[in-house]
Amino acid sequence: MNFICFDLEGPLSPKDNAYELMKLFPNGDRIFEVISRYDDLLTLEEKEDYEPGDTLALIVPFLLLHNITEDNITTLATEASFTGGATELISWLEHNGWKVFCITTTYEQYAIHITQKLGIYAHNVACTPFPLNKLRQTLCKEDVTLLQKTEEAILTMQPVADDGRIKQSLDHFFSVPVKWFTSERKGAVGYRRSLVQLRGYQMHHYACFLSSAIN
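Numbering (UniProt numbering), first residue to last: 1 to 215.
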């Protein structure tokens, strides 16, 4: 049997899930653009333990602050369109002996809904597990205050023109100890360390997925 793997955003669906999520609250698009630029700066710096394209992880605190829920993610998925020809291509592949997979960093609630509409089985989709509602329960008053102050600062910045401020401000923010994100860890760690833990879990999930697919 032949195997084929697709990314989700672009090849199968044209919209950027993270950007659309951030647009659900006031100035979310502007915040996303600054955080996305911060991701670029970290990539150019070749910072240790950082992977290009971690914007999906970096926006998590702001989704929590503005009470974005897993239902919001699912709703966006129901409204998402498909890339032209994607539906016909997946159908043709399935009917001609191909085993179709989707490997994406997109949040699980978004990826599973869209791929199911395309006819790709859920067990053939590797994506980012994202217990957003559970994370919100651990957000404390101090976290909210820090997030609000950081957001106010972000809204005074422009990508490229304010790269120095972006780097300095968000380096500080993502190094501040926090108590949310994972109940398994002992003591507080920085936001960035917490997000690295999410990526580590994500990559383990991908590895298990690929192993089971091949076998």
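Glycine residues also receive a C-beta, built at the ideal position from the N, C-alpha and C atoms.
Please state the DSSP three-state secondary structure of residue i.
i	result
glycine 190	Low local confidence applies: a pLDDT of 41 at glycine 190 is under 50, so the model's placement there is unreliable, and no value is given.
tryptophan 180	Confidence at tryptophan 180 is low in this model, with a pLDDT of 46, below 50, so the placement of that residue is unreliable and no value is reported for it.
alanine 161	coil
isoleucine 120	coil
phenylalanine 62	helix
asparagine 27	coil
glutamate 88	helix
glutamate 9	strand
threonine 83	coil
Where do the N-terminal and C-terminal ends of the alpha helix (DSSP H) with residue i fall, by residue?
i	result
threonine 74	70-79
phenylalanine 174	Careful: phenylalanine 174 lies outside any alpha helix (DSSP H) and carries neither H nor E.
lysine 149	141-154
lysine 134	132-136
Leaving out five residues on either side along the sequence, give the residues of the same chain with a beta carbon under 7 Å from the beta carbon of residue i.
i	result
proline 131	none
methionine 1	Gly97 and Lys99
glutamate 20	Leu76
isoleucine 90	Val100, Leu118, Gly119 and Ile120
Mark residue i as exposed unless 16 or more other C-beta atoms lie within 10 angstroms of its C-beta, in which case mark it buried.
i	result
threonine 78	exposed
aspartate 143	buried
asparagine 27	exposed
tryptophan 180	Legend: pLDDT at tryptophan 180 = 46, less than 50; position of this residue unreliable, no value from coordinates given.
leucine 44	exposed
Among the residues of its own chain, which have a CB less than 8 Å from the CB of residue i, if the five just before and after it don't count?
i	result
serine 13	Ala80, Ser81, Phe82, Thr83, Ala86 and Ile114
isoleucine 68	Leu21, Leu24, Phe25 and Leu132
Going by DSSP, what residue range makes up the beta strand (DSSP E) through residue i?
i	result
threonine 128	125-128
asparagine 2	2-6
Can you list, in chain order, the residues of its chain whose CB lies under 6 Å from that of residue i, leaving out five sequence neighbours each side?
i	result
tyrosine 107	Ile73, Thr128 and Phe130
phenylalanine 173	Thr150
valine 189	With a pLDDT of 34 at valine 189, under the threshold of 50, the predicted position of this residue should be treated as unreliable, and no value is reported.
leucine 65	Leu147
- Touch check for the segment 119-126 and the segment 146-165: three-plus C-beta pairs under 8 Å? With the cut-off at 8 Å, the segment 119-126 and the segment 146-165 do not touch.
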